[in-house]
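Trainee:
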Amino acid sequence: RNSMKSYKEDFPLLRNSSIAYLDNAATAQRPEAVLKAEREFYEKYNANPLRGLYQLGMDATDCYEKARETVRDFLHAKKSSEIIFTRNTTESINLVAYSYALNNLKEGDELLVGIDSHHSNLLPWQMAARVTGAKLVFLDCEMDGSYTKEAIEKVITGRTKFAAITHVSNVIGRVNPVEDIIRLVHKNGGVVLVDAAQSAPHLPIDVCAMDVDFLAFSGHKLMAPMGIGVLYGKEKLLDEMPPFLTGGEMIESVTRESAVFAELPHKFEAGTVNGAGAWALKAAIEYINSLGFATLQERELALTTQAMEELKKIPYVNIIGSQDPKEHNGIVNFTVEGVHPHDIASILDGAGVDVRAGHHCAQPLLKHLGVFVTTRASIAFYNDEEDIHRFTEAVKGIRRMMGYAE
Ligand code: PMP
37 RNSMKSYKED
47 FPLLRNSSIA
57 YLDNAATAQR
67 PEAVLKAERE
77 FYEKYNANPL
87 RGLYQLGMDA
97 TDCYEKARET
107 VRDFLHAKKS
117 SEIIFTRNTT
127 ESINLVAYSY
137 ALNNLKEGDE
147 LLVGIDSHHS
157 NLLPWQMAAR
167 VTGAKLVFLD
177 CEMDGSYTKE
187 AIEKVITGRT
197 KFAAITHVSN
207 VIGRVNPVED
217 IIRLVHKNGG
227 VVLVDAAQSA
237 PHLPIDVCAM
247 DVDFLAFSGH
257 KLMAPMGIGV
267 LYGKEKLLDE
277 MPPFLTGGEM
287 IESVTRESAV
297 FAELPHKFEA
307 GTVNGAGAWA
317 LKAAIEYINS
327 LGFATLQERE
337 LALTTQAMEE
347 LKKIPYVNII
357 GSQDPKEHNG
367 IVNFTVEGVH
377 PHDIASILDG
387 AGVDVRAGHH
397 CAQPLLKHLG
407 VFVTTRASIA
417 FYNDEEDIHR
427 FTEAVKGIRR
437 MMGYAE
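Just so we're aligned, residue 37 is where the sequence shown starts under the working numbering, counting upward by one.
Structure (structure tokens):
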């Protein structure tokens with residue numbers, strides 16, 4: 037591709053509209069290839085996966101299992117039985133909270149949670165702590181959002197039986213030192229879940245190199261449809277866990293009183309699965325692979341640099357987290373002194389720029405940073421210089437529009 041603009045051509049919504057969509061961390065846009073795959077499933081392979089013994093049913097199963105294999109390869113997992121399809125990151129994390137934490141934690145244990153957790157990676161652990169009597173302990177970050185070696189070493193002890201860590205925060209955008217945390221928790225005999233909702237769209241993930249026990253992400257942030265998500269878990273742990281949801285298609289046999297559960301991964305996939313979603317997630321991953329993460333990262337860094345450099349020139353604008361665009365993965369969270377983020381978002385909407393305003397489902401983090409509400413622009417590789425220009429030009433006029441002299 038020689039023109040930077042051309043990525044938008046792959047995305048019908050962007051191709052047919054003039055908006056500058058900068059809310060990619062909330063949900064990505066879908067490329068043609070993904071929309072085509074979803075339609076293809078229903079047009080060519082539609083039957084209830086994992087059930088039908090007729091050819092069409094077997095085709096549907098085949099699509100679903102091929103998608104699982106693509107996800108396995110994407111995460112560099114050893115076995116496809118370690119890949120569980122869920123609805124989203126939230127469901128993946130809840131699965132681990134209910135099936136693992138409730139059965140393995142007890143009073144006296146500590147459950148470690150990063151202060152930068154999205155509420156989806158906090159509320160399930162608050163529940164697990166409440167039910168088991170384990171103590172919820174926070175790993176606090178610095179004011180620039182980073183975790184220091186000292187903070188990590190101080191908080192992880194022999195009591196740390198479980199740690200729920202965010203790979204890339206949806207507020208800060210920096211890559212957290214998850215490998216260091218995993219190594220230390222393992223050394224102390226604990227288990228780690230990594231929330232990869234914001235990292236999976238931006239960087240290659242190798243669950244074996246990370247040695248992570250559980251990892252969760254959502255398809256919709258990765259250009260796949262809404263309603264398909266992934267949980268990776270080490271086979272040994274998943275094998276020992278009871279099912280999260282029970283019902284059809286997750287059993288070997290059922291009597292009036294009891295049931296023998298199916299083997300992995302189906303033990304954790306009760307009810308009719310999202311066959312078309314899985315098939316389209318496969319297409320999304322293939323689309324990413326065809327471009328390569330290096331290309332995505334280069335584009336995102338160039339656009340993030342443009343955005344941050346322009347924002348830094350504007351008086352009364354403060355960027356949350358690191359001031360280095362390399363540490364943002366496309367996430368640029370900021371405040372404009374004296375202006376509420378809801379006003380900022382409406383003004384930007386008026387200029388044709390879509391951003392997110394509010395607490396970003398991370399209230400404890402924002403309280404820790406002392407900002408409470410912010411505005412977030414989140415950039416994807418398919419954005420272009422014109423999107424960023426329109427965004428920063430609109431931010432320049434905000435204070436005046438709100439009645440300030442400058
Ligand atoms: N974790 C992080 C870091 C997120 O950014 C999000 C989505 N904003 C989630 C979890 C939850 O993802 P979902 O709503 O797809 O379950």
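Quick reminder that beta carbons are idealized off the backbone N, C-alpha and C, glycines included. Here the structure is a predicted model, which is why all the values come from computation and not from measurement.
1. So, does the region 103-112 touch the region 125-137, judging by three or more C-beta pairs under 8 Å?
2. The ligand PMP and S116: does the residue's C-beta get closer than 7 Å to at least one heavy atom of that ligand?
3. Return helix, strand or coil for R435, following the three-state DSSP convention.
4. Quick one: what's got a C-beta closer than 7 Å to A387's C-beta in the same chain, skipping five residues either side?
5. Let me check understanding here. Comparing Cα to Cα, which of L401, I151 and P301 lies closest to E276?
6. When DSSP builds the beta bridges, which residues end up paired with A295?
7. Can you grab the Cα-Cα spacing for the pair A96 / S117, in whole Å?
8. DSSP three-state label for E68, please.
9. What are the start and end residues of the beta strand (DSSP E) that includes N325?
10. Would you please state the rounded distance, in angstroms, between the beta carbons of V290 and L58? I believe it to be under 8 Å.
11. Report the rounded CA-to-CA distance for Y418 versus K44, giving the unit in angstroms.
12. With DSSP as the reference, label R412 as helix, strand or coil.
13. Looking at the ligand PMP, does it come within less than 7 Å of A393, judged from the CB to the closest heavy atom?
14. In or out: T202 buried (at least 16 other Cβ within 10 Å) or exposed?
15. For N354, report the span of its beta strand (DSSP E) as first-last.
16. Going by beta carbon distance, what residues of the same chain come within less than 7 Å of A343, once the five residues before and after it are set aside?
17. Leaving out the 5 sequence neighbours to the left and right, which residues in its chain are closer than 8 Å to R51 when beta-carbon positions are compared?
18. Our contact map puts F198 next to G226 with C-beta atoms below 8 Å; I'd like the distance itself, whole angstroms only.
19. The alpha helix (DSSP H) that contains F110, what's its start and end?
20. Would you tell me roughly how many angstroms separate the C-alpha atoms of W161 and V207, rounded to the nearest one?
21. What does the Cβ neighbour count give for S42, buried or exposed, with the cut at 16 atoms within 10 Å?
22. Closer than 5 Å from C-beta to any heavy atom of the ligand PMP: which residues, in chain order?
23. What does DSSP give as the partner residues of G265 in its beta bridges?
24. Taking 8 Å as the threshold (C-beta atoms), are E189 and K171 in contact?
25. Three-state secondary structure (DSSP) at Y136?
26. If you follow the beta strand (DSSP E) that R392 is in, where does it begin and where does it stop?
27. With distances taken from CA atoms, which of S54, R292, E346 and L92 is nearest E79?
28. Does D247 come out as helix, strand or coil in the three-state DSSP assignment?
29. Just checking, does the region 329-340 make contact with the region 268-283 on the three C-beta pairs under 8 Å criterion?
30. If you compare alpha carbons, which of A165, V167, I217 and A73 is closest to E186?
31. Quick one: give me the first and last residue of the alpha helix (DSSP H) that I55 is part of.
32. Going by C-alpha distance, which of S182, L220, M163 and P213 is nearest K191?
33. Over what stretch of residues does the alpha helix (DSSP H) that includes V191 continue unbroken?
34. Please classify F370 as buried or exposed, where buried requires at least 16 other C-beta atoms within 10 Å of its C-beta.
35. In whole angstroms, give me the CA-to-CA distance for Q65 and L141.
36. Out of S156, V167, H155 and Y90, point me to the one whose CA is closest to G144's CA.
Mentor: The answer reads as follows:
1. no
2. no
3. helix
4. R426 and A430
5. Out of L401, I151 and P301, P301 has the C-alpha closest to the C-alpha of E276.
6. V290
7. Going from the Cα of A96 to the Cα of S117 covers about 18 Å.
8. helix
9. First-last for N325: G311 to L327, but that is the alpha helix (DSSP H), not the beta strand (DSSP E).
10. Contact doesn't hold; Cβ gap of about 50 Å is too wide.
11. Looking at the two C-alpha atoms, the distance is approximately 6 Å.
12. strand
13. no
14. buried
15. Its beta strand (DSSP E) spans residues V353 to I355.
16. V368, A413, I415, I424, F427 and T428.
17. K44 and E45
18. Indeed, because the Cβ distance is near 6 Å, the residues count as touching under 8 Å.
19. Q91 to L111
20. 20 Å
21. exposed
22. So the residues near the ligand PMP by this Cβ test are N124, T125, T126, H154, S156, N206, D231, A233, Q234 and S254.
23. T122 and S254
24. no
25. helix
26. R392 to G394
27. Out of S54, R292, E346 and L92, L92 has the C-alpha closest to the C-alpha of E79.
28. coil
29. no
30. I217
31. Taken as a continuous stretch (DSSP letters only), I55 belongs to no alpha helix (DSSP H), as it is neither H nor E.
32. Per the sequence presented here, residue 191 reads as Val, with Lys not at that position. Among S182, L220, M163 and P213, the Cα nearest to that of V191 belongs to L220.
33. K185 to V191
34. buried
35. 39 Å
36. V167
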